[in-house]
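Protein chains in written order, with the working numbering: chain A, 1 to 165; chain B, 1001 to 1357; chain C, 2001 to 2100. Even for Gly, the Cβ is constructed at its ideal location relative to N, Cα and C. Everything below concerns the one structure shown next.
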Amino acid sequence: MHLFLFLLFAMFCVAGAVNLLIQPKTINSALSLIVVMGSLALIYLLLGAEFVAVIQVIVYAGAIMVLFIFVIMLLNAGAEEQSKGSLAAKVLGIPGLLAGCAIALGVFLKHRPQEELIPIGALYGPADKVGMLIFTKYLLAFEVTSVLVLIAIMGAVVLARRSDS
Amino acid sequence: MSALTFLIVAVIKIAITIGVLLTVVAYTVWLERKAVGRMQNRWGPSRVGPFGLLQPLADGAKFLFKEDVTPPFVDKKLYLLAPVLALVTALTSIAMVPIGPIVHLFGISTPVQVTGVVDASGHASDINVGILIILGLTSLGVYGIALAGWSSNSKYSLLGSLRASAQMVSYEVSLGLSLIGVLLMSSTLSLTGIVHAQFGTYFGFIPHWNIFRGQFIAFFIYMMAAFAETNRIPFDMPEAETELVAGYHTEYSAMKFAMFFMAEYANMVTVACVASIMFLGGWSGPSLPFLPMVVQAFLPLLWFSCKIFFFLFLYIWIRGTLPRFRYDQLMAFGWKFLFPLALANVVVTAFFVAIRA
Amino acid sequence: MIPISWYLLLSAFLFACGVTGFLTKRNIITLFMSIELMLNGVNLSFVAFATRMGSLDGHVFVFFVMVVAAAEAAVGLAIIISVYRTRETLNVDRVNLLKL
Chain A
1 MHLFLFLLFA
11 MFCVAGAVNL
21 LIQPKTINSA
31 LSLIVVMGSL
41 ALIYLLLGAE
51 FVAVIQVIVY
61 AGAIMVLFIF
71 VIMLLNAGAE
81 EQSKGSLAAK
91 VLGIPGLLAG
101 CAIALGVFLK
111 HRPQEELIPI
121 GALYGPADKV
131 GMLIFTKYLL
141 AFEVTSVLVL
151 IAIMGAVVLA
161 RRSDS
Chain B
1001 MSALTFLIVA
1011 VIKIAITIGV
1021 LLTVVAYTVW
1031 LERKAVGRMQ
1041 NRWGPSRVGP
1051 FGLLQPLADG
1061 AKFLFKEDVT
1071 PPFVDKKLYL
1081 LAPVLALVTA
1091 LTSIAMVPIG
1101 PIVHLFGIST
1111 PVQVTGVVDA
1121 SGHASDINVG
1131 ILIILGLTSL
1141 GVYGIALAGW
1151 SSNSKYSLLG
1161 SLRASAQMVS
1171 YEVSLGLSLI
1181 GVLLMSSTLS
1191 LTGIVHAQFG
1201 TYFGFIPHWN
1211 IFRGQFIAFF
1221 IYMMAAFAET
1231 NRIPFDMPEA
1241 ETELVAGYHT
1251 EYSAMKFAMF
1261 FMAEYANMVT
1271 VACVASIMFL
1281 GGWSGPSLPF
1291 LPMVVQAFLP
1301 LLWFSCKIFF
1311 FLFLYIWIRG
1321 TLPRFRYDQL
1331 MAFGWKFLFP
1341 LALANVVVTA
1351 FFVAIRA
Chain C
2001 MIPISWYLLL
2011 SAFLFACGVT
2021 GFLTKRNIIT
2031 LFMSIELMLN
2041 GVNLSFVAFA
2051 TRMGSLDGHV
2061 FVFFVMVVAA
2071 AEAAVGLAII
2081 ISVYRTRETL
2091 NVDRVNLLKL
């Protein structure tokens, strides 16, 4: 059951990532990335990280990608111009890529030691424990990132303003 | 309980919840037309059935049989995906909401909540991050509107959907912040836990609800942000018929338009549920011992339904009363007034919680 | 029961797709989305190792990566809007005024 769920969500991730690369239209790439983020959130749930999974949906898929889709709609980004790929790249590249993957997979399968098998939900990461860590051990990093976000807000407002005033 | 029993019970709960939710959505439309009509000194629907009660059925039949026009210049896949996305996120939020306490039927105990189970010690427990999942589904609901406008390939739809998405994203911040005060006081993210933290009374008759425990301002911030999230008057500039020719659902007809319509009312019901759980104590209410046992078993459901009905009527009442905001007034209100107020509420609540600890 | 290497393989694949997109795509917005894909691959790696080592520090790092990614996306998209306003194009090959 765990295996089936992991393979299902991993397949969605892989399909979304490949679809992002092969789609000519930008909006379809953005939607594939949302699919990748959603499946990653489900994989985090399989690993027991419930806080990270929900934050992934709220922040990444629900806010950052909305920003991307806004900008795509605002700038009316249609299909991107494809430059003609060189024949040499295709002849050498695709077999080279497959050979590289095969070598990596072969080495990996041959030298695989007794691996740790992770059960479903192995490390339960509830919100209060993660919050406790953030506010005690990593407090400085937290404060610094809040200053970073403040700077980013000011930067974005200044950069996106029309310079006619 | 075994996995198979859990599965069967879950499917039954889902079927009942979806049935009840869709009926509530249909009859909210009826209630709105009647109530707004009365406020405007006219009858509202009164022909189809007594008091017009069969009007939603007639509307449903109309939407089913209307001609489904798909304009030739739209992006077909996204055009079909957008209403589905809007409706799915709107209907899924109801799964986290606890509607009642544990019921014992046919030897099975389960709380009246789609994602609720009875744990080993006999208490109701549900998803530990329930409120965050509801906020996440609200964030995902923006995509339905954004993609509807983009795929329609017409400038009015695009402008309307950009405005609606910007409005929803802006008010989501205040929505989340206003709920943090409640979460600080309940010290749990699970909705069942929040309901359980509001049992009991002060002085014997004032209930221990969060609205009486200092979250009064947060309640009003939440209501205003929720009105903006669901695109209702006074914040419905992106979809009003007199502005931008109905905005992002201009190019939609028949069943797809009905899906947007249902998604809006289902979002209203979700907002009503979350507001009643976080601020008005969910299904807790005075237990009336003079009623027979059979009626007493349904009393929590009755209290919850009363609170939901109160919020839906509030939505409809405000619709009939207020004019709508202009778009720049709307955005200024969200960012310059609600957001600082919500932040101040978080700081003050945290201060009081820290003092008491 | 999944071996941890499968999670790491998935993370490596996502990172590789992100790098490929970053190097080959011509549209600025798609470039940015490839960066986000790379960051997501790294997040998965963090969570997998946190589970392996039994400490929640990995989750905290994922939180910080998300915050930084949000800040970077906001500023990056503002820059993209500025570039579009002056150069009227979203193709990185056309933003070449400084080219010899």
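1) Can you tell me which of the three DSSP states Lys1066(B) falls into?
2) In chain A, which residues lie with their C-beta within 7 Å of the C-beta of Leu1177(B)?
3) Along the segment 2073–2096 of chain C, what residues have a CB closer than 7 Å to any CB found in chain A?
4) Ile1221(B) and Leu1314(B) - do their beta-carbons sit closer together than 8 Å?
5) Alpha carbon to alpha carbon, how far is Ile2080(C) from Ala160(A)? Give it in angstroms, no decimals.
6) Met37(A) versus chain C: which residues are under 7 Å apart at the beta carbon?
7) At which residues does the beta strand (DSSP E) containing His1208(B) begin and terminate?
8) Within 7 Å: the Cβ of Met1185(B) and any heavy atom of the ligand HEM?
9) Note down the Cα distance separating Thr1349(B) from Met1168(B), rounded to an integer number of angstroms.
10) I want to see whether chain A comes within less than 8 Å of Asn1128(B), judged by CB atoms only; does it?
11) With distances taken from CA atoms, which of Leu1085(B), Met1224(B), Pro1340(B) and Ser1157(B) is nearest Ala1275(B)?
12) If you follow the alpha helix (DSSP H) that His2(A) is in, where does it begin and where does it stop?
13) Residues of chain C with a CB under 9 Å from the CB of Ala30(A): which are they?
14) Look up His1196(B) in the DSSP assignment and say whether it is helix, strand or coil.
15) Mapping the DSSP letters down to three states, classify Val1114(B) as helix, strand or coil.
16) Can you find a C-beta in chain A that's less than 8 Å from the C-beta of Val2060(C)?
17) State the DSSP-derived secondary structure class of Val1274(B), mapped to helix, strand or coil.
18) Which whole-angstrom value is the C-beta distance of Asn2027(C) and Leu2090(C), which I expect to be below 8 Å?
19) Thinking C-alpha only, which one of Arg1232(B), Thr1230(B) and Leu1177(B) is nearest Ile1217(B)?
20) Which residue comes first and which comes last in the beta strand (DSSP E) that contains Pro1101(B)?
21) Below 8 Å on the Cβ atoms is my contact criterion, and I expect Gln1198(B) with His1208(B) to pass it. Report the Cβ-Cβ distance as a whole number of Å.
22) Do Ala1272(B) and Ile1308(B) have their CB atoms nearer than 8 Å?
23) Beta carbon of Val1195(B), beta carbon of Ser1284(B): below 8 Å?
24) If we cut at 8 Å on Cβ distances, does Ala156(A) have a partner in chain C?
25) Output, in chain order, the set of chain A residues within a Cβ distance shorter than 7 Å of Tyr1139(B).
26) What does DSSP give as the partner residues of Ile1108(B) in its beta bridges?
27) So what does DSSP say about Tyr1222(B), is it helix, strand or coil?
28) Just the C-alpha distance for Ser32(A) and Gly125(A), rounded to the nearest angstrom, thanks.
29) Is it a yes or a no for the segment 1093–1100 of chain B touching the segment 1128–1136 of chain B, going by three-plus beta-carbon pairs under 8 Å?
30) Under 8 Å, Cβ to Cβ, is there at least one residue of chain B near Ala15(A)?
31) To the nearest angstrom, how far is the alpha carbon of Ala1061(B) from that of Phe1298(B)?
32) When the Cα atoms are used, what is the spatial distance from Arg961(B) to Met1(A)?
33) Could you run through the segment 1146–1158 of chain B and flag, in chain order, every residue whose CB is less than 7 Å away from some CB of chain A?
34) For Tyr1202(B), list the residues DSSP reports as bridge partners.
35) Just the chain B side, please: which residues come within less than 7 Å of Pro126(A) by C-beta, in chain order?
36) Should the segment 2049–2068 of chain C be regarded as contacting the segment 2015–2031 of chain C, the criterion being three or more beta carbon pairs within less than 8 Å?
Taking the geometry as given:
1) coil
2) Neighbours of Leu1177(B) on chain A: none; closest Cβ ~13 Å, over 7 Å.
3) Residues passing the 7 Å Cβ filter: Ala2073, Ala2074, Val2075, Leu2077, Ala2078, Ile2079, Ile2080, Ile2081, Ser2082, Tyr2084, Leu2090 and Asn2091.
4) no
5) Ala160(A) and Ile2080(C): Cα-Cα distance of roughly 9 Å.
6) Asn2040
7) No beta strand (DSSP E) holds His1208(B); DSSP gives it neither H nor E.
8) With respect to small molecules bound, the structure shown includes none, and the ligand HEM cannot be examined in it.
9) Looking at the two C-alpha atoms, the distance is approximately 26 Å.
10) Residue-level contact check: Asn1128(B) touches chain A, since one or more beta carbons of chain A fall below 8 Å from its beta carbon.
11) Nearest C-alpha to Ala1275(B): Met1224(B).
12) His2 to Ile22
13) Chain C residues near Ala30(A): Ile2029, Thr2030 and Met2033.
14) helix
15) Coil.
16) At least one beta carbon of chain A lies nearer than 8 Å to the beta carbon of Val2060(C).
17) helix
18) With 8 Å as the limit, Asn2027(C) and Leu2090(C) qualify as a contact, their Cβ atoms being about 5 Å apart.
19) Leu1177(B)
20) Gly1100 to Leu1105
21) 5 Å
22) yes
23) Yes, Cβ-Cβ distance for Val1195(B) and Ser1284(B) is below 8 Å.
24) yes
25) Reading the sequence as shown, one finds Ser at residue 1139(B) and not Tyr. By Cβ distance, chain A contributes Ile58, Gly62 and Ala63.
26) Partner(s): Leu1105(B).
27) helix
28) Between Ser32(A) and Gly125(A), the alpha-carbon positions lie close to 27 Å from each other.
29) yes
30) Judged by the 8 Å Cβ criterion, Ala15(A) is not in contact with chain B.
31) Using only the alpha carbons, I get a separation of about 33 Å.
32) No information on residue 961(B) is available, as it lies outside the stretch 1001 to 1357 that chain B covers here.
33) Ala1146, Trp1150 and Leu1158
34) Ile1206(B)
35) Asn1128
36) no
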